[in-house]
Each structure stands twice: as structure tokens, then as C-alpha cells.
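Undergrad:
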């Protein structure tokens, strides 16, 4: 999207398991001076490897990658904090004459970066504590069902087990009388000119690939979570609420069903991919393409080259 006078960035987004990293590596291999800024809510966490599909060491050697393995699992990463970190990374990239390429599938993080976040009124700590107590007493499904009643739009993009997001949305609604999805629409002026390519793989082929990858993750994920818990990581740590990790932690602690873990993990990854597709359909994109198309890399390369080549410098990116 062209907004003259703003600094330029490019973005490559789409659902999990559709080949975003492979395309970024291919672009770098063709001589584009890109550096990747990862837009992924799970890949920011150190020690979470088995269930996050981080770029491999070889891929990170092929294309410099920022915001992977930068946060301890005990820390909560929010969209606003990530956007601040992304701007700092992009300022560094642009300051060295390189092209910042945002790559990932966390839609809220992408929106926080390019549009900013609404200034939501402060929430009383007592209310936050009451909601946390209700989560502990009633469980995730009950609180998510409550969220679906008061904010169906936000609930549709939020996993049932995502404690941080469910409680945040409920506390905002209770404190302000407005759903969190309403506040997300009250955004400040855009911060960047963005050229966005959205990868849209053929649904059947993509679902099969996502399911295969999720099933392959199941054993290593259980082993990783067991090691984290033995090392003193509490099951309530923010990172342990991530997709697959909460279920794995309950199994390791003896409170879950190990027999159906691979099935549940595959199901949850498929649901997540569907939510990501829905999210990025609402974003203004310069290009939408099936990553399996013979000319996919060619067209993305042409778009990125034209976008940055047309800029008179990249413009200052404020940290």
C-alpha cells in the first residue's frame, strides 16, 4: 500500500506451513539485499523449538533473521512489545542499506506494526485477578464461550486454550463496555508504506502438509516440554500456553491424554491455519499467490525489487 512520505517495508505473510521461509531464502539467493524480521508469536521464544517450526540454522545463515529466540519463556510477549522490537530491528536493517522483509503469520503482530494499536483504557488489577481466578475455577472452554458471547469476532481468531488472549479480551470488555475487536479498529495513522504478498496455498494440499508436520511434531514436543518442566519451567509460564505446549504440559504432568495428542495437535494446527487465512484475507495485499505456482518466487522478487527500487532511500524508521 503506497503512502508517500512514510518509510517503506515489504512483507511476506500467510498461514503456517506454506513456505514463507523458503521463499525468503530464495529471494536472498537471487541477490536481494533483504533481512527477515520474523512476525511469529511463538518463534520469539527461546527454548521453544519442537513445536514452533523456527527457521533452521542453515536458513538463518542464508538470510539474516531478526526476532527469533529473543524472549525467555517466562516473559509475556504482546503485540505492542513485538511491534516496538520490530521497528528497532527494521531501523537497524534500513540503516545498513538493506531491505527489511517482514515474514510470518501472526496477524495481530503484523497489524500492530503497520497500523499501530489503539490506546485501550487501563484495566483495574483487581478485575484482572478476578478473571484469572475464574479461569482457574471454570476452565478454558467456559471462559472462551463467554468471550464468544461478548466478542465473537475476537473469539473466532483466538484459540480456546490461549489464556493470555482470552483473559485480556474479557477484561477489556468488562472494563470498557466495548469488545476488544472494537478497540483494535480504533488505530492511529499508518507507520509505513507496505508492499504485502500473501501466500494462499491450495487448501487441500496445504491442509495435508500442515497435518503431516503437526503429527511429526508430537513426539519431539512432548520430550521438549518434559525437559522444560524438569528444568523448572512452570506450566503456567506464558510460552507454555502456546499452541500444543499447554496440552503437552498437562500430559507430562499426568493430567492429559497422551494417546490422542497427535490427533489434537493436528486438529489445532489446522484450525490455526484456517484462522490465519481468514485474517490475511482482510489485509490489503499487493499480491496474492499460491506458493506452489511456477512463477511465485519470480513475481514476489519482481514486486520487492520494484517496491524498494522505486523508493528514494528507505526513509527513516523510528525505533
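Residue numbers (this note's numbering): 227 to 545.
From the three backbone atoms N, C-alpha and C, an ideal C-beta is built for every residue, glycine too.
1. Does the beta-carbon distance from residue 529 to residue 512 come in below 8 Å?
2. According to DSSP, what are the bridge partners of residue 264?
3. Taking residue 491 as the reference, give the member of 473, 272, 313 with the closest Cα.
4. If we call anything under 8 Å between Cβ atoms a contact, is residue 326 one with residue 285?
5. Quick one: is residue 480 buried, meaning 16 or more other Cβ sit within 10 Å of its Cβ, or exposed?
6. Secondary structure at residue 539, three-state DSSP: helix, strand or coil?
7. Give me the DSSP bridge partner(s) of residue 235.
8. Check whether the stretch 444-464 and the stretch 253-260 touch, using three or more Cβ-Cβ pairs below 8 Å as the test.
9. Does DSSP classify residue 247 as helix, strand or coil?
10. What are the residues that DSSP puts in a beta bridge with residue 291?
11. Beta-carbon within less than 8 Å of residue 438's beta-carbon, same chain only, minus the 5 sequence neighbours each way: which residues are those?
12. Here's a check: name, in chain order, each residue in its chain whose Cβ is nearer than 7 Å to the Cβ of residue 396, leaving out the five neighbours to either side.
13. Is the stretch 460-471 touching the stretch 408-418, taking contact as three or more C-beta pairs under 8 Å?
14. With a threshold of 16 other CB atoms inside 10 Å of the CB of residue 242, please say whether the residue is buried or exposed.
15. Can you list, in chain order, the stretches of the alpha helix (DSSP H) that have 4 or more residues and sit fully within the stretch 464-544?
16. In three-state terms, what does DSSP make of residue 297?
17. For residue 487, tell me which candidate among 497, 471, 431, 416 has the shortest Cα-Cα distance.
18. Can you tell me which residues form a DSSP beta bridge with residue 425?
19. Measure the Cβ-Cβ separation of residue 533 and residue 234 and say whether it is below 8 Å.
20. Whole alpha helix (DSSP H) runs in the stretch 433-465 with 4 or more residues, listed along the chain?
21. Where does the unbroken alpha helix (DSSP H) through residue 389 begin, and where does it stop?
22. Taking 7 Å as the limit between beta carbons, can you name the residues of its chain near residue 452, skipping five residues before and five after?
23. Ignore the nearest five residues each way along the sequence and tell me which others in residue 312's own chain have a CB closer than 6 Å to its CB.
TA: The structure says:
1. Position 303 of the chain shown holds residue 529. Position 286 of the chain shown holds residue 512. Their beta carbons are under 8 Å apart, which means residue 529 touches residue 512 by this criterion.
2. Indexing the chain shown from 1 puts residue 264 at position 38. 329.
3. Here residue 491 is taken as the residue at index 265 of the chain shown, counted from 1. Ranking the options by Cα distance to residue 491, first place goes to 473.
4. In the chain shown, the residue the question calls residue 326 occupies position 100. In the chain shown, the residue the question calls residue 285 occupies position 59. No, the Cβ-Cβ distance between residue 326 and residue 285 is not below 8 Å.
5. On the chain shown, residue 480 is found 254 positions in, with the first residue counted as 1. Exposed, by the Cβ-count rule.
6. Taking the chain shown and counting its residues from 1, the one referred to as residue 539 is at position 313. Low per-residue confidence applies at residue 539: pLDDT is 40, beneath 50, and the placement is therefore not dependable enough to give any value.
7. By one-based count along the chain shown, residue 235 stands at place 9. Beta-bridge pairing links residue 235 to 420.
8. no
9. Counting from 1 along the chain shown, the entry for residue 247 is found at position 21. DSSP places residue 247 in helix when its eight states are reduced to three.
10. Along the chain shown, read from residue 1 onward, the residue named residue 291 stands at position 65. According to DSSP, which records beta bridges pairwise, residue 291 is partnered with 262.
11. Numbered from 1 along the chain shown, position 212 holds the residue referred to as residue 438. Hits under 8 Å: none found.
12. As a first step, residue 396 is located in the chain shown; it is residue number 170 there, counting from the start. Closer than 7 Å at Cβ, skipping near neighbours: 357, 369, 372, 373.
13. no
14. Locating residue 242 in the chain shown gives position 16, counting from the first residue. Buried: at least 16 other Cβ atoms inside 10 Å.
15. 471-478, 487-507, 522-535
16. Counting from one through the chain shown, the residue named residue 297 turns up at place 71. Of the three classes helix, strand and coil, the one that applies to residue 297 here is strand, per DSSP.
17. Translated into positions along the chain shown, residue 487 becomes position 261. Out of 497, 471, 431, 416, 471 has the C-alpha closest to the C-alpha of residue 487.
18. Here residue 425 refers to the residue found at position 199 when the chain shown is read from its first residue. In the DSSP output, where bridge partners are listed per residue, residue 425 has 515.
19. As a working note, residue 533 is residue 307 in the chain shown. As a working note, residue 234 is residue 8 in the chain shown. In this structure, residue 234 lies closer than 8 Å to residue 533 by Cβ.
20. none
21. Numbered from 1 along the chain shown, position 163 holds the residue referred to as residue 389. Note, residue 389: alpha helix (DSSP H), 389-402.
22. Counted from its first residue, the chain shown places residue 452 at position 226. Correct list, in chain order: 478.
23. Your numbering for residue 312 matches position 86 in the chain shown. Result list for residue 312: 263, 339, in chain order.
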